[in-house]
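Same order as they appear, the protein sequences are chains A and B. Quick note, my numbering runs 456 ahead of the 1-based positions in the first sequence. Quick note, my numbering runs 456 ahead of the 1-based positions in the second sequence.
2 protein chains.
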Amino acid sequence: MRPTVHDIAAAAGVSLATVDRVLNQRPGVRMVTREKVEAAIREIGYIRDVAAANLAKGRVYPLVFIVPTGDNSFMHGLRSEVHQATLRAGIERTEIRIVEVPAFDVPALVAALDALRGQDISGVALVATDAPEVRAAVDRLVSGRIPVVTLVSDLTDSARHHYAGIDNIAAGRTAARLLGRFLGGRKGDITVLAGSMLVRDHRERLQGFSAVMAEEFPGLRLLPVLEGRDDPERARSLVSKALSENRDIIGIYSLGAGNRGLIAALKAVRPERELTVVVHELTRHTRAALVDGTVDAVLNQDAGHEVRSAIRVMKAKADGQAVIADQERIRLDIFLKDNLP
Amino acid sequence: MRPTVHDIAAAAGVSLATVDRVLNQRPGVRMVTREKVEAAIREIGYIRDVAAANLAKGRVYPLVFIVPTGDNSFMHGLRSEVHQATLRAGIERTEIRIVEVPAFDVPALVAALDALRGQDISGVALVATDAPEVRAAVDRLVSGRIPVVTLVSDLTDSARHHYAGIDNIAAGRTAARLLGRFLGGRKGDITVLAGSMLVRDHRERLQGFSAVMAEEFPGLRLLPVLEGRDDPERARSLVSKALSENRDIIGIYSLGAGNRGLIAALKAVRPERELTVVVHELTRHTRAALVDGTVDAVLNQDAGHEVRSAIRVMKAKADGQAVIADQERIRLDIFLKDNLP
DNA sequence: AAATTTTTGATTTACGTACATCAAAAATGG
DNA sequence: CCATTTTTGATGTACGTAAATCAAAAATTT
Numbered sequence: 457m458r459p460t461v462h463d464i465a466a467a468a469g470v471s472l473a474t475v476d477r478v479l480n481q482r483p484g485v486r487m488v489t490r491e492k493v494e495a496a497i498r499e500i501g502y503i504r505d506v507a508a509a510n511l512a513k514g515r516v517y518p519l520v521f522i523v524p525t526g527d528n529s530f531m532h533g534l535r536s537e538v539h540q541a542t543l544r545a546g547i548e549r550t551e552i553r554i555v556e557v558p559a560f561d562v563p564a565l566v567a568a569l570d571a572l573r574g575q576d577i578s579g580v581a582l583v584a585t586d587a588p589e590v591r592a593a594v595d596r597l598v599s600g601r602i603p604v605v606t607l608v609s610d611l612t613d614s615a616r617h618h619y620a621g622i623d624n625i626a627a628g629r630t631a632a633r634l635l636g637r638f639l640g641g642r643k644g645d646i647t648v649l650a651g652s653m654l655v656r657d658h659r660e661r662l663q664g665f666s667a668v669m670a671e672e673f674p675g676l677r678l679l680p681v682l683e684g685r686d687d688p689e690r691a692r693s694l695v696s697k698a699l700s701e702n703r704d705i706i707g708i709y710s711l712g713a714g715n716r717g718l719i720a721a722l723k724a725v726r727p728e729r730e731l732t733v734v735v736h737e738l739t740r741h742t743r744a745a746l747v748d749g750t751v752d753a754v755l756n757q758d759a760g761h762e763v764r765s766a767i768r769v770m771k772a773k774a775d776g777q778a779v780i781a782d783q784e785r786i787r788l789d790i791f792l793k794d795n796l797p
Numbered sequence: 457m458r459p460t461v462h463d464i465a466a467a468a469g470v471s472l473a474t475v476d477r478v479l480n481q482r483p484g485v486r487m488v489t490r491e492k493v494e495a496a497i498r499e500i501g502y503i504r505d506v507a508a509a510n511l512a513k514g515r516v517y518p519l520v521f522i523v524p525t526g527d528n529s530f531m532h533g534l535r536s537e538v539h540q541a542t543l544r545a546g547i548e549r550t551e552i553r554i555v556e557v558p559a560f561d562v563p564a565l566v567a568a569l570d571a572l573r574g575q576d577i578s579g580v581a582l583v584a585t586d587a588p589e590v591r592a593a594v595d596r597l598v599s600g601r602i603p604v605v606t607l608v609s610d611l612t613d614s615a616r617h618h619y620a621g622i623d624n625i626a627a628g629r630t631a632a633r634l635l636g637r638f639l640g641g642r643k644g645d646i647t648v649l650a651g652s653m654l655v656r657d658h659r660e661r662l663q664g665f666s667a668v669m670a671e672e673f674p675g676l677r678l679l680p681v682l683e684g685r686d687d688p689e690r691a692r693s694l695v696s697k698a699l700s701e702n703r704d705i706i707g708i709y710s711l712g713a714g715n716r717g718l719i720a721a722l723k724a725v726r727p728e729r730e731l732t733v734v735v736h737e738l739t740r741h742t743r744a745a746l747v748d749g750t751v752d753a754v755l756n757q758d759a760g761h762e763v764r765s766a767i768r769v770m771k772a773k774a775d776g777q778a779v780i781a782d783q784e785r786i787r788l789d790i791f792l793k794d795n796l797p
């Protein structure tokens, strides 16, 4: 049987009330007594029954998710996953609030973060825009003892407790190797379609991609990045233009969202041009393109996993508990047409 | 606030005792009353507080993991993950017992399964050997209301509640496409190294692999399968022999465990022969081989995820609760040298 | 209508922890 | 050594559910 508070009291030779004072860091315990109790806790290997404690406290975990507005498929999916999580709120003792903030709007994000200070909140998860002001706001929350988890996009050098997202440099490197190997030694040009170089994850993906391309595939030349702003129409015209102007393009890496336009442009040149294409984010559109051969590989991060992981981590941090690191590592999914879920 | 049993009682106009009788299917309630209570439960949307219930019952979940003996890296890792789980047993209210059974020994597996019948057990997870006798034994457990989860290897047409493992046909198909694409149109022979064709997952991987090879890569010819029995020395000699006898081999797919021998054989012919290699299971050895370029891709199933998922599912089934399907889907990990964890 | 059986209600204890209160004991200051 | 403050103990209630007991009421049988 697991030891209980009673066992601590017996082992330490003190009363239940004193044990309680130590466990919940209430005042009125002498240093010697406190140490005696803490020693007993260690000796008998007591672990607090979090379920019972939560029951007694009537505890709920008020969590806040700060996500960018915008209608690209990925963010839409992310919001929908957070919404799914709210449906499980009852059984998980969570109380999830979603705050929407315009994408890439640093002051708005900072305001949203600061608005949470002092509130009774068990954790904050945010899709971070990588700016010093945001980092400072996050650090303010952290120093206010609120667990903070970055979601999808991380925040450089901040004090956030955890990052629930993929390693974007590794993602870019992986894309480069896939594209390079799939092209099997052919020589030609590669064009990269990004959303915006202002976003950290896009920058990192490009960084990883460029590095591997330079190191390992000298026969492939990287063209200047096309910035599609995650806007389908813009992406379409940029890609179409690039393809018609440069007949040497044999590969495309799309590292942002909004692949609808890219796919349309590809279909337009489909039978004549033979292109190898790697894109990010599995959506209805990219999935169909993978199946019909327009796209060769899709790299993905599972938004559902990210949200659930963020929740588990915030709860654990709020309780001062350990997380299973391996369980919370968000993996980069590589989808070919054969292993689609 | 979440509705409680008291709210049901009030809503149904009955006493707490009656609600309890209905909720825990105790006898002594008239049909009309039972229906009245059940209607109230639905109306106010009552959901049992599992944590409180477990506390009151002093419930623990006695779980049994049946895993094959054998010293290949994968099974070793699997056992170690189950062991990790036993360390968390306290906080998770589980009580995990590991039963080891000789690999591929159908009677022993059946005996182990039947020994569990009638015991007070909340769930059984087993690495299934795909045989009719095993299926029958599993079905006996299921009809005895014990949740059964297959782990790593599934059981055809059985009544098991859940399979915690990857789709092996998809894995084989993925391997074929990776190998085919990496070879970039070259023509030549492909050799497949398996453990044993008696195991379902190996058969399925081969099936998927062969299908895609035939459909999509006509320039690549599949040689007869080498059965290495997951034994390093045997694998080494088989592969060395094959490579020296056939200079047309340009690709290798190793779908079983025990890749140490394969890697040794590859290193022996390393500078002269240019081979594209896809293997299963990320271990110390395959990881090193991936990094140094001996191997081009590693397909993997995360044993830790499988074990944790199996535990969650067994607990949920024991409580008659729903599982988050998406969370419990075990994914096929594709590792290139760039996205290693 | 009485006797019997079945169903329902009322009440209590328990699970492990949190939290509050009041009294008693010990330590500290003068 | 007394007065004061600090520390500790004893005790009770609560959280939401399970499980048991015994009495009361209702339904069924005779």
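Built from N, CA and C at the ideal position, the CB exists for glycine as well.
Worksheet item: In its own chain, which residues sit with a C-beta less than 6 Å from the C-beta of Tyr502/B, not counting the 5 before and 5 after it?
Response: In the second sequence, the residue the question calls residue 502/B occupies position 46. Excluding sequence neighbours, Tyr502/B sits near Pro459 and Ile464.
Since Ser489/B is in the alpha helix (DSSP H), which residue starts that stretch and which ends it?
Residue numbering aside, residue 489/B sits at position 33 when the second sequence is read from its first letter. According to the sequence as given, residue 489/B is Thr; it is not Ser. Looking at the DSSP string, the run of the alpha helix (DSSP H) that includes Thr489/B is Met487 to Ile500.
**Prompt:** By a C-beta neighbour count over all protein chains shown, 10 Å radius and 16 as the cutoff for buried, is Met669/A buried or exposed?
**Reply:** Position 213 of the first sequence, counting from 1, holds the residue named residue 669/A. By the neighbour-count rule (16 or more Cβ atoms within 10 Å), Met669/A is buried.
### Query
Any idea what DSSP makes of Asp570/B, helix, strand or coil?
By 1-based counting over the second sequence, the position of residue 570/B is 114. If DSSP states are grouped into helix, strand and coil, Asp570/B belongs with the helices.
Exercise. Closer than 8 Å by C-beta to Gly621/B: which residues in its own chain qualify, once you throw out the five before and the five after it? Chain order, please.
Key: For this step, residue 621/B is matched to residue 165 along the second sequence. Only residues of its own chain outside the window of five on either side were considered, and among them Thr606, Leu607, Val608, Ser609, Asp610, Asp657, Gln757, Glu762 and Ile786 have a CB closer than 8 Å to the CB of Gly621/B, listed in chain order.
Beta-carbon neighbours of Thr630/A, restricted to chain B and to distances below 7 Å = Taking the first sequence and counting its residues from 1, the one referred to as residue 630/A is at position 174. Per Cβ cutoff of 7 Å: Leu792, Asp794 and Asn795.
> So, helix, strand or coil for Gly644/A, using DSSP?
Replying inline: As a working note, residue 644/A is residue 188 in the first sequence. DSSP places Gly644/A in the strand class (E or B) of the three-state scheme.
Is there contact between the stretch 590-598 of chain A and the stretch 632-641 of chain A, where contact requires at least three CB pairs shorter than 8 Å?
-> no
Interface positions of the stretch 610-627 of chain A facing chain B (Cβ-Cβ less than 8 Å), listed along the chain = Asp623, Ala626 and Ala627
Subject >> Alpha-carbon to alpha-carbon, Asn480/B and Asp576/B >> reply: Counted from its first residue, the second sequence places residue 576/B at position 120. Counted from its first residue, the second sequence places residue 480/B at position 24. Distance between the alpha carbons of Asp576/B and Asn480/B: 18 Å.
Using the Cα positions of Asp794/A and Asp748/A, report the straight-line distance between them to the nearest angstrom.
-> As a first step, residue 794/A is located in the first sequence; it is residue number 338 there, counting from the start. As a first step, residue 748/A is located in the first sequence; it is residue number 292 there, counting from the start. Answer to the nearest angstrom: the Cα atoms are 12 Å apart.
*Residues in the stretch 756-774 of chain A having any Cβ partner in chain B nearer than 7 Å*: Gly760 and Arg764
With a threshold of 7 Å between beta carbons, is Phe530/A in contact with chain B? Against the first sequence, residue 530/A aligns to sequence position 74. Not one chain B Cβ lies under 7 Å of Phe530/A.
What are the residues in the stretch 664-684 of chain A lying within 9 Å of chain B by C-beta distance? Contact annotation: in the stretch 664-684 of chain A, residues whose CB is within less than 9 Å of a CB in chain B are Gly664 and Val668.
Tell me whether the beta-carbon of Thr647/B lies closer than 7 Å to the beta-carbon of Leu679/B. Taking the second sequence and counting its residues from 1, the one referred to as residue 647/B is at position 191. Taking the second sequence and counting its residues from 1, the one referred to as residue 679/B is at position 223. Their beta carbons are under 7 Å apart, which means Thr647/B touches Leu679/B by this criterion.
Minimum Cβ-Cβ distance from Phe521/B to chain A less than 7 Å
Within the second sequence, numbered from 1, the residue matching residue 521/B stands at position 65. Not closer than 7 Å to any Cβ of chain A, the Cβ of Phe521/B fails to qualify, so no.
- Query: With 16 as the cutoff for other CB atoms within 10 Å, does Val488/A come out buried or exposed?
  - Reply: Reading the first sequence from its first residue, position 32 is the one you call residue 488/A. Exposed is the call here.
Next on the checklist: Taking its Cβ as the centre, do 16 or more other Cβ atoms sit within 10 Å of Leu472/A, making it buried, or is it exposed?
Outcome noted: As a position in the first sequence, residue 472/A is number 16, starting the count at 1. Looking at its Cβ environment, which holds fewer than 16 other Cβ atoms inside 10 Å, Leu472/A is exposed.
* Asked: What number of angstroms, rounded off, separates the C-alpha of Asp782/A from the C-alpha of Val506/A?
  -> Within the first sequence, residue 782/A is the residue found at index 326, counting from 1. Within the first sequence, residue 506/A is the residue found at index 50, counting from 1. Between Asp782/A and Val506/A, the C-alpha separation is close to 22 Å.
Taking the beta strand (DSSP E) that Val734/A falls in, what are its first and last residues? For the purposes of this step, residue 734/A is taken as the residue at position 278 of the first sequence. Val734/A -> beta strand (DSSP E) spans Thr732 to His736.
Subject >> Proximity winner among Val725/A, Glu672/A, Arg616/A and Val562/A, relative to Ala698/A (alpha-carbon distances) >> reply: For the purposes of this step, residue 698/A is identified with residue 242 of the first sequence, where counting begins at 1. The option with the nearest alpha carbon to Ala698/A is Val725/A.
(request) Please confirm if the stretch 489-496 of chain B is in contact with the stretch 537-549 of chain B, defined as three or more CB-CB distances below 8 Å between the two stretches. (result) no
Member of Leu662/A, Gly684/A and Arg642/A whose CA lies at the smallest distance from the CA of Glu730/A: For this step, residue 730/A is matched to residue 274 along the first sequence. When each option's Cα is compared against that of Glu730/A, the closest is Arg642/A.
Where Gly776/A meets chain B, residues with beta-carbon distance less than 7 Å
The sequence position of residue 776/A within the first sequence is 320, counting from 1. Neighbours of Gly776/A on chain B: none; closest Cβ ~13 Å, over 7 Å.
Subject >> Bridge partner(s) assigned by DSSP for Glu683/A >> reply: For the purposes of this step, residue 683/A is identified with residue 227 of the first sequence, where counting begins at 1. Beta-bridge pairing links Glu683/A to Ala650/A.
Measuring only between beta-carbons, confirm whether Ile705/B sits less than 7 Å from chain A.
Here residue 705/B is taken as the residue at index 249 of the second sequence, counted from 1. With 7 Å as the cut-off, Ile705/B does not count as an interface residue toward chain A.
message = With H, G and I counted as helix, E and B as strand and the rest as coil, what does DSSP make of His618/A?
response = The residue you call residue 618/A lines up with position 162 of the first sequence. Residue state, collapsed to three classes: strand.
- Considering only the beta carbon of each residue, do Val815/B and Ile602/B sit closer than 7 Å? Outside the modelled stretch of chain B, which goes from 457 to 797, sits residue 815/B, for which no answer is possible.
Open item on the list: Closer than 8 Å between beta carbons: that is the criterion. Which residues of the stretch 493-516 of chain B meet it against chain A?
Closed with: Using a CB distance below 8 Å, the part of the stretch 493-516 of chain B facing chain A consists of Ile503, Asp505, Val506, Ala507, Ala508, Asn510 and Leu511, ordered along the chain.
request  = Count the other CB atoms, across all protein chains shown, that sit within 10 Å of the CB of Ala468/A; report buried if there are 16 or more and exposed otherwise.
outcome  = As a first step, residue 468/A must be located in the first sequence, where it is residue number 12. Ala468/A should be labelled buried.
Pick from Phe530/A, His462/A, Val520/A and Arg477/A that is closest to Leu755/A, judged by C-alpha positions
As a first step, residue 755/A is located in the first sequence; it is residue number 299 there, counting from the start. Cα-wise, what sits closest to Leu755/A is Phe530/A.
Q | Leu597/B: contacting residues in chain A (beta-carbon distance under 7 Å) | A | As a first step, residue 597/B is located in the second sequence; it is residue number 141 there, counting from the start. Under the 7 Å cutoff, chain A gives no residues; its nearest Cβ is about 28 Å from Leu597/B.
field: Contact the stretch 771-779 of chain A vs the stretch 734-744 of chain A: 3+ CB pairs below 8 Å
entry: no
Proximity test, Cβ basis, 7 Å: Phe560/A and chain B | Looking up residue 560/A in the first sequence gives position 104. Not closer than 7 Å to any Cβ of chain B, the Cβ of Phe560/A fails to qualify, so no.
Spatial neighbours of Asp686/B within its chain, please: C-beta separation below 8 Å, excluding the five flanking residues on both sides. The count along the second sequence starts at 1 and reaches residue 686/B at position 230. Excluding positions up to five away in sequence, the list reads Gly526, Asn528, Gly651, Ser652, Gly712, Ala713 and Gly714.
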